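Numbering (this note's numbering), first residue to last: -13 to 143.
See below for the structure under consideration.
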Amino acid sequence: MRENTDVIKVRNAAYNKYVNNVTPKTNIAKAIFHSFAIGGITCVIGQAIGDIVLLIAPDTPKDMVSNITSMILVSVAILFTGLGFFDVIARQGGAGSFLPITGFANAMASASMEFKTEGLIFGTSVKMFSVVGPVVVNGIVWSSLAGLINLCILGMY
């Protein structure tokens, strides 16, 4: 019995040494900087899109400008996912590339592309909405909770 535990310990030590050798080393400061830079650039691009929309149509209500900007960002993120650019950006930008709107669009497009061989309905559509479902549920639950807290603390308005 003692021999088995010694063999297991030696095997585990060898495995841990192997894992440490093949695991890429990460520079935390560099990763944080890249994440901040990519996220910031994405936000600047979003702001520029909104400003361009206002230049083209100055009478557009602000909520409509926000909607148009969101649609363009989602469309570009889906296009970049399909062309393979989003993966390159994500490798460099880490968490900064997964801003809520672009990351969500990437997750939906990736799931659709991955399961397209299973057909339009059971592959693309089902898998795309398996990503959307939890996000929508969480959005509804947490926004409802925030609304109730706001109602209780601030009253009706």
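A virtual CB, placed ideally from N, CA and C, is assigned to each residue, including glycine.
For clarity, every value in this text was computed on a predicted model and none was experimentally measured.
Beta-carbon separation (whole angstroms), residue i vs residue j, contact threshold 8 Å
{"i": "residue 63", "j": "residue 91", "result": "4 Å"}
{"i": "residue 88", "j": "residue 134", "result": "About 30 Å; that fails the 8 Å criterion."}
{"i": "residue 95", "j": "residue 68", "result": "6 Å"}
{"i": "residue 85", "j": "residue 25", "result": "6 Å"}
{"i": "residue 51", "j": "residue 36", "result": "5 Å"}
{"i": "residue 117", "j": "residue 93", "result": "5 Å"}
N-terminal and C-terminal residue of the alpha helix (DSSP H) that residue i is part of
{"i": "residue 137", "result": "112 to 140"}
{"i": "residue 107", "result": "Element bounds for residue 107: n/a, residue is neither H nor E."}
{"i": "residue 34", "result": "14 to 42"}
{"i": "residue 83", "result": "Run containing residue 83: none; DSSP gives neither H nor E here."}
{"i": "residue 9", "result": "Counting along the chain, residue 9 falls outside any alpha helix (DSSP H), and DSSP gives it neither H nor E."}
{"i": "residue 45", "result": "Neither: residue 45 is in no alpha helix (DSSP H) and is coded neither H nor E."}
Top-ranked residue by Cα proximity to residue i, from the options
{"i": "residue 30", "options": "55, 11 and 48", "result": "55"}
{"i": "residue 27", "options": "76, 102, 136 and 114", "result": "76"}
{"i": "residue 113", "options": "120, 10 and 101", "result": "101"}
At least 3 beta-carbon pairs within less than 8 Å: the region 20 to 40 vs the region 63 to 83 | Cβ pair count under 8 Å is three or more, so yes.
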